[in-house]
Amino acid sequence: YFIFSIILFHIKCAYFFLLIIKVMKNIAILLMGGVGERFSIKTPKQFYLIKNIPVFIYCLRTFVKIKSICEIILVINPSHLKKVTAYLKRYKLFSKITLINGSTSRAFSLLNGIKYVVDNYKDDVKIISHDVARAFVSKNIINEHIKVTLLPNEVISTVIPCADALLKINGTNFSPVNRDDYLIMQTPQSFNARDLYSLIMNNINSYDKYQDLCSFAITNGYKNSNILGNKLNFKITTTQDIALLYLLSKK
Numbered sequence: 007y008f009i010f011s012i013i014l015f016h017i018k019c020a021y022f023f024l025l026i027i028k029v030m031k032n033i034a035i036l037l038m039g040g041v042g043e044r045f046s047i048k049t050p051k052q053f054y055l056i057k058n059i060p061v062f063i064y065c066l067r068t069f070v071k072i073k074s075i076c077e078i079i080l081v082i083n084p085s086h087l088k089k090v091t092a093y094l095k096r097y098k099l100f101s102k103i104t105l106i107n108g109s110t111s112r113a114f115s116l117l118n119g120i121k122y123v124v125d126n127y128k129d130d131v132k133i134i135s136h137d138v139a140r141a142f143v144s145k146n147i148i149n150e151h152i153k154v155t156l157l158p159n160e161v162i163s164t165v166i167p168c169a170d171a172l173l174k175i176n177g178t179n180f181s182p183v184n185r186d187d188y189l190i191m192q193t194p195q196s197f198n199a200r201d202l203y204s205l206i207m208n209n210i211n212s213y214d215k216y217q218d219l220c221s222f223a224i225t226n227g228y229k230n231s232n233i234l235g236n237k238l239n240f241k242i243t244t245t246q247d248i249a250l251l252y253l254l255s256k257k
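To convert, count from 1 in the sequence shown and add 6; that's my numbering.
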């Protein structure tokens with residue numbers, strides 16, 4: 007009887023643990039609705055051709071190869087629908103991909119993606135959000151986001167250490183800061199779809215003031231865990247970044 011009681015106790019503990027830590031489906035949201043306001047070339051950067059392949063295809067191919075991602079949501083500018091559809095057809099990438107319209111900003115485009123997930127999935131879902139302008143994100147980084155257990159009220163960031171000296175701007179004055187006190191944030195970022203949707207809707211007036219979702223969540227009391235990124239996972243912002251992308255695509 008004593009042994010039976012111990013076994014029953016452990017079964018109950020495991021059951022309650024599973025109630026708290028659920029195995030979630032993984033959904034990717036890839037943001038590509040920008041018009042390239044900081045990009046000095048007329049072509050939006052997600053459509054810029056590297057070795058005759060659009061930037062967003064490099065990123066999308068990496069996500070498509072990961073079998074544990076159930077669905078990939080591309081958030082696009084509505085005016086780009088025909089172009090995106092044509093590229094998906096050319097590269098035979100329709101499998102598990104859904105296109106939805108973006109909004110007036112990156113933050114609200116991401117919100118459109120989160121709302122789609124909340125509306126179409128009953129269970130808890132882990133969203134892995136990423137900017138397609140980070141074309142060379144590695145499978146390893148994405149898989150680390152998938153493997154990590156997402157706790158309640160937690161977000162997962164991708165970061166790299168700051169290797170350069172830093173100056174803080176204060177009007178016309180500058181002051182040095184300790185680079186060891188800072189991390190550089192990248193994407194992907196991952197989070198519980200329903201939890202973050204509720205947080206955003208309860209703080210909708212301040213939501214768009216943050217540069218990324220994890221910063222918004224952390225400011226509103228969420229815990230944060232970090233996954234190590236790498237320098238190849240850089241974001242295309244300038245023509246210099248395009249030159250670097252050309253060099254990397256030759257390897």
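Even glycine gets a Cβ: it sits at the ideal position worked out from N, Cα and C.
Would you list the one or two residues that DSSP bridges to Q246? In DSSP, Q246 forms no bridge with anything.
Cα-Cα separation between T91 and K102, rounded to whole angstroms: Using only the alpha carbons, I get a separation of about 14 Å.
Residue ranges of each beta strand (DSSP E) run of no fewer than 3 residues wholly in the region 47 to 126, ordered along the chain? Listed in chain order, the beta strand (DSSP E) elements of length 3 or more contained wholly in the region 47 to 126 are 75 to 82, 103 to 107.
Can you tell me whether L157 is helix, strand or coil according to DSSP? L157 sits in coil when the DSSP states are folded into three classes, being neither helix nor strand.
For S135, the nearest candidate out of N126, C168, Y252, I75 (CA to CA): Answer by Cα proximity: I75.
Nearest-angstrom Cα distance between N226 and Y213? If you draw a straight line from the Cα of N226 to the Cα of Y213, it is about 10 Å long.
Beta-carbon spacing of I106, V138 below 8 Å: Cβ distance not < 8 Å, so I106 and V138 don't count as in contact.
Looking only at C-alpha atoms, which of F114, K128, E77, Y54 sits nearest to L251? The candidate whose alpha carbon is nearest that of L251 is Y54.
Determine the extent of the beta strand (DSSP E) in which S306 is found, giving its start and end residues. Outside the modelled stretch of the chain, which goes from 7 to 257, sits residue 306, for which no answer is possible.
What three-state label does DSSP hand S212 in the structure shown? Looking at S212 - three-state DSSP - the assignment turns out to be helix.
My understanding is that Y93 touches P50, with C-beta atoms under 8 Å, so please give their C-beta distance in whole angstroms. Rounded, the Cβ-Cβ distance is 13 Å, inconsistent with contact.
Leaving out the 5 sequence neighbours to the left and right, which residues in its chain are closer than 8 Å to S109 when beta-carbon positions are compared? Taking C-beta separations shorter than 8 Å and ignoring five residues to either side along the sequence, the partners of S109 in its chain run G39, S115, L117, N118, following chain order.
Suppose contacts are defined by Cβ-Cβ distances below 8 Å. Is C65 in contact with L36 by that definition? With contacts defined by Cβ atoms closer than 8 Å, C65 and L36 form a contacting pair.
Endpoints, the alpha helix (DSSP H) within which T225 is located: Membership of T225 in the alpha helix (DSSP H) is indicated by the continuous run 219 to 225.
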